[in-house]
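**Student:** Okay, here's the structure, questions in a sec.
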Amino acid sequence: MPKIGRNATEAARFAAASNSPVEIADRTTETSQTFANPDGTLTTELSNEPVRVRQSGTWRAADATLEFRADGSVGTKAAVSRISLSGGGAGRSARSG
Numbered sequence: 001m002p003k004i005g006r007n008a009t010e011a012a013r014f015a016a017a018s019n020s021p022v023e024i025a026d027r028t029t030e031t032s033q034t035f036a037n038p039d040g041t042l043t044t045e046l047s048n049e050p051v052r053v054r055q056s057g058t059w060r061a062a063d064a065t066l067e068f069r070a071d072g073s074v075g076t077k078a079a080v081s082r083i084s085l086s087g088g089g090a091g092r093s094a095r096s097g
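Per full-length UniProt numbering, the very first residue in the sequence shown carries number 1; after that it's consecutive.
This is the structure we're talking about:
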């Protein structure tokens, strides 16, 4: 059984069939996740800061580790605010946003 449902109805069906909590995708945010439980209730887990970041349509764990990019710049792996530092040369030294 899938561990994630597109919406509350689908997640509730999967949770009942698998007898385990199932994440509700359309209720996931940077700071919260909601799960459908096998007994029909919902559980929401909240964080006081972003713990996941949406990149290219997929949620990834937040990760402010710096990495080299293909264009020679340096930036965060997965952060709410993308930061890019120049790898040198005549271009901008930094970008944010």
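Cβ coordinates follow ideal geometry from the N, Cα and C atoms, glycine included.
#1: Return yes when the Cβ of S47 is within less than 8 Å of the Cβ of T31, no when it is not.
#2: Buried or exposed, going by whether 16 or more other CB atoms sit within 10 Å of the CB of Q55?
#3: Where do the ends of the beta strand (DSSP E) carrying R13 lie?
#4: First and last residue of the beta strand (DSSP E) that includes V74?
#5: Under the DSSP definition of a beta bridge, which residues are partnered with G5?
#6: Identify the continuous beta strand (DSSP E) that holds D63 and give its terminal residues.
#7: Give me the DSSP bridge partner(s) of V53.
#8: On the CB-based measure, 16 or more other CB atoms within 10 Å of its CB, does R52 come out buried or exposed?
#9: With a threshold of 6 Å on Cβ separation, who are the neighbours of I4 within its own chain once the five nearest residues in sequence on each side are excluded?
**Tutor:** So, from the listed chains and residues:
#1: For the purposes of this step, residue 31 is taken as the residue at position 31 of the sequence shown. For the purposes of this step, residue 47 is taken as the residue at position 47 of the sequence shown. For T31 and S47, yes; Cβs fall inside 8 Å.
#2: Along the sequence shown, one-based indexing puts residue 55 at 55. The residue in question, Q55, is exposed, as its Cβ has fewer than 16 Cβ neighbours within 10 Å.
#3: The sequence position of residue 13 within the sequence shown is 13, counting from 1. No beta strand (DSSP E) contains R13, which is instead part of the alpha helix (DSSP H) from 8-18.
#4: The count along the sequence shown starts at 1 and reaches residue 74 at position 74. 74-78 is the span of the beta strand (DSSP E), which, as asked, contains V74.
#5: Here residue 5 refers to the residue found at position 5 of the sequence shown. According to DSSP, which records beta bridges pairwise, G5 is partnered with I24.
#6: Reading the sequence shown from its first residue, position 63 is the one you call residue 63. 63-68 is the span of the beta strand (DSSP E), which, as asked, contains D63.
#7: Numbered from 1 along the sequence shown, position 53 holds the residue referred to as residue 53. According to DSSP, which records beta bridges pairwise, V53 is partnered with R60.
#8: For the purposes of this step, residue 52 is taken as residue 52 along the sequence shown, with counting starting at 1. Its Cβ being crowded by 16 or more others within 10 Å, R52 is buried.
#9: The count along the sequence shown starts at 1 and reaches residue 4 at position 4. Around I4: E23, A25.
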